[in-house]
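Residue numbers (the working numbering), protein chains in the order written: chain A, -15 to 236; chain B, -15 to 236; chain C, 285 to 587; chain D, 285 to 587.
Every residue gets a Cβ at the ideal spot worked out from N, C-alpha and C, and that includes glycine.
Notes to accompany the following structure.
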Amino acid sequence: MKEREAVVQDNREVATDTFLMTLACDFPPFTPGQFLMLRINSTCDPFLRRPLAILSLKGDSLEILYKVKGSGTSLLAGKRPGDVMSALGPLGNGFSTPGQDEEAIYIAGGTGLPPILALAEKVRRGRLIIGAFGENDIPLWNRISSIRDVHAQATTEDGSFGKKGLATEALKDLLHEISQPSIIYACGPEGMLREITEQARMFGARCEVSLEEYMACGFGVCSACVVKTSEDSRKVCAQGPVFDAFSIKWRD
Amino acid sequence: MKEREAVVQDNREVATDTFLMTLACDFPPFTPGQFLMLRINSTCDPFLRRPLAILSLKGDSLEILYKVKGSGTSLLAGKRPGDVMSALGPLGNGFSTPGQDEEAIYIAGGTGLPPILALAEKVRRGRLIIGAFGENDIPLWNRISSIRDVHAQATTEDGSFGKKGLATEALKDLLHEISQPSIIYACGPEGMLREITEQARMFGARCEVSLEEYMACGFGVCSACVVKTSEDSRKVCAQGPVFDAFSIKWRD
Amino acid sequence: MDISVRITPSLTLKNPVLSASGTFAYGEEFSRLFDLSLLGGVVTKGLSLLPKEGNPTPRICETSSGLINAIGLENIGADAFIAEKLPFLRQFDTSIVVNFFGTSEEEYVLMAEKLDIEGISALEMNVSCPNIKKGGIEFGKDPHVLRRLTANVRSATSKPLFVKLSPMVTQIGEMALAAQEGGADALTCANTFPAMAINEKTCRPILGNVTGGLSGPAIKPIALKIVWEVSKQACIPVIASGGITTWRDVVQFLLAGASAVEIGSASLRDPLCFTEIIRGFADYMREKGLKSVSELIGKLKTD
Amino acid sequence: MDISVRITPSLTLKNPVLSASGTFAYGEEFSRLFDLSLLGGVVTKGLSLLPKEGNPTPRICETSSGLINAIGLENIGADAFIAEKLPFLRQFDTSIVVNFFGTSEEEYVLMAEKLDIEGISALEMNVSCPNIKKGGIEFGKDPHVLRRLTANVRSATSKPLFVKLSPMVTQIGEMALAAQEGGADALTCANTFPAMAINEKTCRPILGNVTGGLSGPAIKPIALKIVWEVSKQACIPVIASGGITTWRDVVQFLLAGASAVEIGSASLRDPLCFTEIIRGFADYMREKGLKSVSELIGKLKTD
Ligand SMILES: Cc1cc2nc3c(=O)[nH]c(=O)nc-3n(C[C@H](O)[C@H](O)[C@H](O)COP(=O)(O)OP(=O)(O)OC[C@H]3O[C@@H](n4cnc5c(N)ncnc54)[C@H](O)[C@@H]3O)c2cc1C
Ligand SMILES: Cc1cc2nc3c(=O)[nH]c(=O)nc-3n(C[C@H](O)[C@H](O)[C@H](O)COP(=O)(O)OP(=O)(O)OC[C@H]3O[C@@H](n4cnc5c(N)ncnc54)[C@H](O)[C@@H]3O)c2cc1C
Ligand SMILES: Cc1cc2nc3c(=O)[nH]c(=O)nc-3n(C[C@H](O)[C@H](O)[C@H](O)COP(=O)(O)O)c2cc1C
Ligand SMILES: Cc1cc2nc3c(=O)[nH]c(=O)nc-3n(C[C@H](O)[C@H](O)[C@H](O)COP(=O)(O)O)c2cc1C
Ligand code: FES
Ligand code: FES
């Protein structure tokens, strides 16, 4: 974990309210699933950094992909090349690497895409499902669909792109098809992750999920971001955000 | 008084820590000495608008000239073309127009320049004195010195430009020279304004000063910005910022 | 859809958004920006028996997401208000709430009598003022003092009486109940927080008065908690005050239990915020399919 | 130039900058970012007799220039701290202040006894906790309760004892004197302010625990006033806490009367702020030509 200046190089809208930002940042190597805490402004409102997954890191060029939700991400969307922020990271544990004979399945819903895409781009084999509401909510489809040896498919709720329906339905179909042992990597809304965990259990697949919790520090000192596991309660930022899906005690 | 969007068109450093900003802004006509309250950011820190004199207004192009002091002006210095702010104004009373046979003397110290320059550029006759610490603290000298029928001189404390010394000393020399009735328009640090008021009294000149006080609203509702006059206490924002110098009860 | 709120049998606000005391002067300046008739009510600058000069400058100091003011209750006095300002305000179709204070119980009572005139819709009693006769402790800090003060003022006027509480107390509920028992018709929660600012270069306080009161978004989360606390304990309406800047804040304060809100600091920054807030609030009601404001008040779900 | 400060005869901090309780855990994470030996002191997460689970999430909610936390005093318990965390912290050349709390007087006393061991420099008693036996009212809200609690804890330990006051009280000076009379060696001013946040879309509180405590720059102006007030009335050292983010804030709090400061929320945002703050503070002392920190403490000029 380091704190580094991050200088905006590019910031462009790649789907509805979703931006791809490139930062010049002298950052240590990362494991997909790891994130950074970005300090967007120098004044005290908003006060805290924002957690954002690392999408890629090549040399000193770091990519993040974010959706505008509230004050922090709105400010982020207004950044121009040359603007300076502060990045703390890489933080968290990150995903495991799939075993040699395991089929890797990547599945992302909504803002869950960045860590999943990062992983698929690193592993370069397996199958990827991205779920969104409609065509305009799918960022970077060209990039996603051209990862070598990764077969990508999209589902949209309104049927405007890919298969109509939910990503979890596509997952079920996929799991029916596949015979070899598989590992599912998932990130997205909690309801989706629960459903994926259920399917993984039914089909006997391994499953890793990346969780989102409200964070203040991002490096384990404030206890804001706990999640209950079968053993004890864990800090999502420091002991996660990636967990064995079967260890999570999901909220009702 | 209107509230208007103000879109940055240009923002450049024209002297040490001093910026000239051009804003596209559909603003009503103004009287030199009037100011606007600029809301620089959309989040709550800093919370208040900042008072800034109007330097010029041509069509919908408005100029301000500001010195970086604290958080608000720092944010302002970071603005780029296209950034949007909110301007409330024109506010305050503004300077009077000199009488036909009066010699107009404009005198500015430090950040007091903008309203004084605005006035000289409108009246287009008389004499202007600008006082600064050194050469690098004098913005827009080309512009100041080329106003038709306005004779401009500069004083610097370190002697690096114009006459070495204080603007008030140059004023004294000037007043000695001038025989016809004159009116002095002044803006700058309080100590300078007191001294100018003294000289005006000695030489029998009329004198108007533009005051600075901490402001919250800028349009007369909060009573933050009062100044004591010989009659009563007045709101600098609404009943000023320009006052008859002889009416002010200066603080000790 | 009806966005009016009934505070007392004789006082219904056309909507729950009022100006706050001390940031709206007597309405004239704002009337040049928008039609005051659209407001739920105007709360005037705090008035005293005699005109009051206020504190030395600087009287305002900005802090992170807030501001400290030490205006010192400068005002033109009750008589000048009645003669010069009230007739102007009465032109508008809105409720006129007159904020007032005194430095002794007698002064408070005299003020209440003096302001018991036509054209004034309600009185708001500021009790965050030192009781000069009782060694300078604030009226709003002792429940016994507050109960008695409220009762005496209550019997001196026929107007609906709001008591504006001081927030910095151990048991705000106790103070609320004291005012209620004294006969208050509503509770304004709350005034500014005692605060100060220091210039480390000069080693001096920034404000001419050394200390002042903190307002603005900085205090909103505390004010929200106070409103929630008080509205659970009191059975008279609560008027919220503290850091409200958007229609979202208005909804939040109503959910916490307020019947109406006052906008102070936000209107110094954005004088036109009233129109936006009232419009946004009405839109929210419409989108949620709410018929009346009472469907929001105190309806926070905490299960 | 000497930037150390003496708090008690047995406790001198190498500089006036400490971490605050609850934002530094037990130091391990920060130790990966900088050398803890440069701190004036480390204040640990608040400890209880038994490990404590804390509140449901969300436990944190950001507000304008601040944050509300409702962690719920989650901690590993005194025994685990002594066994697993204290040895780690003792490697560093800094003062170790252990923050603790209980839900009854007996628990507080037991904690003080348990923590009376080598390697701990001082104890900080958090009294913003409900006294379960006394109907849930906070220990820090009644001067009689606080005086007795402090006296009993005082006699149970040989360590310097800081009492961390609750800020939301009518007379903070009275609480300060109660703790002082009970035998406190220093007063930490102050804890977070009761606050809440509401989501107007869901009509629910944002925090799992409904309410929480407000910290960060938003509360700084109130904390500064409290420190000024308390340090005028008490004759034991004051440790400031509340919204400190820069070395300028440190100087301001010292001028107001604090002997040292704790940095909480700021270190969540900027974990390296400690190094900047300590460096900036030393530079300030040097530039002002000050020989010792005592030349700053309480030296606000108010004439
Ligand atoms: C480990 C981690 C990695 C993340 N990676 C990405 C990413 O790569 N791309 C992306 O677009 N988003 C990501 N998020 C979510 C992102 O952090 C939030 O959307 C962002 O902080 C919202 O900030 P805001 O100021 O815009 O919104 P706010 O004004 O703070 O809040 C708007 C809404 O955003 C949600 N939110 C706020 N903070 C968080 C948070 N810390 N975690 C989850 N939800 C929050 C709340 O539901 C709230 O209603 C990640 C979150 C975590 C915890
Ligand atoms: C009517 C009027 C017109 C002005 N016109 C100009 C102008 O044309 N160009 C220009 O550069 N400056 C002008 N000023 C001063 C300018 O408003 C302040 O420098 C600015 O508000 C500082 O904001 P900040 O956030 O950068 O500093 P802050 O962080 O708020 O404070 C930094 C320092 O600036 C000073 N300051 C802050 N607010 C004010 C204020 N309202 N008035 C005076 N001093 C203040 C304080 O002494 C403080 O120490 C004018 C002030 C007034 C009242
Ligand atoms: C400049 C200023 C002057 C004020 N004057 C008064 C006053 O005269 N009487 C009063 O009861 N409250 C006064 N207040 C308090 C406000 O009415 C309001 O309760 C407080 O500022 C909190 O609300 P806000 O955060 O919306 O500003 C004043 C506040 C400010 C900022
Ligand atoms: C996440 C968090 C956890 C906290 N936990 C404790 C605690 O366990 N014990 C305690 O006495 N104070 C606790 N506090 C209060 C801080 O120690 C500090 O007094 C307060 O946050 C104000 O300072 P700040 O504005 O610098 O954060 C906590 C604060 C935060 C933000
Ligand atoms: S966000 Fe602070 S512990 Fe995880
Ligand atoms: S700044 Fe509000 S009255 Fe002048």
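_Selected residue, minimal CA-CA separation from residue 104 of chain B, among B:234, B:82, B:21_ = B:82
*Quick one: what does DSSP say residue 107 of chain A is sitting in, helix, strand or coil?*
helix
*So what does DSSP say about residue 5 of chain A, is it helix, strand or coil?*
strand
_Comparing C-alpha positions only, which one of C:411, C:348, C:439, C:487 sits nearest to residue 568 of chain D?_
C:487
*With residue 126 of chain B as the anchor, note down where its alpha helix (DSSP H) starts and where it stops.*
Segment 125 to 129, the alpha helix (DSSP H) holding residue 126 of chain B.
_One or two residues paired with residue 480 of chain D in a DSSP bridge_ = D:495.
*Have a look at residue 632 of chain D and residue 534 of chain C and give me their C-alpha separation to the nearest angstrom.*
With chain D represented from 285 up to 587, any question about residue 632 of chain D goes unanswered, as that position is not in the structure.
*Minimum C-alpha distance to residue 252 of chain A - residue among A:130, A:168, A:183*: For chain A, the structure presents residues -15 to 236; residue 252 of chain A sits outside this window and is missing.
*Proximity test, residue 549 of chain C beta-carbon vs ligand 3 heavy atom, cut-off 8 Å*: yes
*Using Cβ-Cβ distances below 9 Å, what residues of the region 338 to 356 of chain D are close to chain A?*
338, 340, 341, 342, 343, 344, 345, 346, 347, 348, 349, 350, 351, 353, 355, 356
_Using the Cβ count rule (16 or more neighbours within 10 Å means buried), how would you classify residue 68 of chain A?_
Residue 68 of chain A sits exposed, since fewer than 16 C-beta atoms from the chains shown fall within 10 Å of its C-beta.
_Collapsed DSSP secondary structure at residue 530 of chain D in the structure displayed_ = coil
_Is residue 199 of chain A close to ligand 8? I mean its beta-carbon at under 8 Å from any heavy atom of the ligand._
For the structure depicted, ligand 8 is absent and the ligand set comprises only ligand 1, ligand 2, ligand 3, ligand 4, ligand 5 and ligand 6.
_Exposure label - residue 121 of chain A; buried when at least 16 CB within 10 Å_ = buried
*Can you give the beta carbon distance from residue 520 of chain D to residue 471 of chain D, rounded, assuming they're within the 8 Å contact cut?*
6 Å
*Looking only at DSSP bridge pairs, what is residue 445 of chain C linked to?*
C:407
*asked:* For residue 27 of chain A, would you say it is in contact with chain C, using Cβ-to-Cβ distances shorter than 9 Å as the test?
replied: Using a Cβ-Cβ cut-off of 9 Å, residue 27 of chain A counts as an interface residue toward chain C, since at least one Cβ of chain C sits closer than that to its own.
*When burial is assigned at 16 or more other CB atoms within 10 Å of the CB, is residue 339 of chain D buried or exposed?*
buried
*asked:* Going by DSSP, what residue range makes up the alpha helix (DSSP H) through residue 132 of chain A?
replied: Careful: residue 132 of chain A lies outside any alpha helix (DSSP H) and carries neither H nor E.
*In terms of residues, what are the limits of the beta strand (DSSP E) holding residue 21 of chain B?*
19 to 23
*Under three-state DSSP, which class holds residue -5 of chain B?*
strand
_Using CA atoms only, rank isn't needed, just tell me which of A:203, A:195, A:202 is closest to residue 212 of chain A._
Closest option to residue 212 of chain A, Cα to Cα, is A:195.
*For residue 349 of chain D, which of helix, strand or coil comes out of DSSP?*
coil
_Inter-residue spacing [alpha-carbon to alpha-carbon] between residue 18 of chain A and residue 96 of chain A_ = 12 Å
*With a threshold of 8 Å, establish whether the CB of residue 221 of chain A neighbours any heavy atom of ligand 1.*
Result yes, Cβ under 8 Å from ligand 1.
*Could you tell me which chain D residues have their CB closer than 9 Å to the CB of residue 586 of chain C, listed as they occur along the chain?*
488, 489, 494
*How about residue 529 of chain C: is its C-beta nearer than 9 Å to some C-beta of chain B?*
Among the CB atoms of chain B, one or more fall inside 9 Å of the CB of residue 529 of chain C.
*Within 8 Å: the Cβ of residue 207 of chain B and any heavy atom of ligand 6?*
Within the cutoff, so yes.
*Is it the case that the CB of residue 66 of chain B approaches a heavy atom of ligand 6 more closely than 8 Å?*
no
_Members of the region 455 to 481 of chain D near chain C, C-beta cut-off 7 Å_ = 477, 478, 479, 480, 481
*Listed in chain order, which residues of the region 361 to 388 of chain C have Cβ atoms closer than 9 Å to some Cβ of chain B?*
Answer set for the region 361 to 388 of chain C: empty.
*Hey, how far is the Cα of residue 108 of chain B from the Cα of residue 84 of chain B?*
The straight-line gap from Cα to Cα measures roughly 12 Å.
_Per-residue contacts from residue 484 of chain C into chain D (C-beta, under 8 Å)_ = 532, 535, 536, 539, 568
*Kindly indicate which residue of B:133, B:135, B:150 has the alpha-carbon position closest to the one of residue 142 of chain B.*
B:150
*Alpha-carbon to alpha-carbon, residue 484 of chain D and residue 565 of chain C*: The straight-line gap from Cα to Cα measures roughly 11 Å.
*Out of C:512, C:392, C:548, point me to the one whose CA is closest to residue 528 of chain C's CA.*
Of the candidates C:512, C:392, C:548, the one whose C-alpha sits nearest the C-alpha of residue 528 of chain C is C:548.
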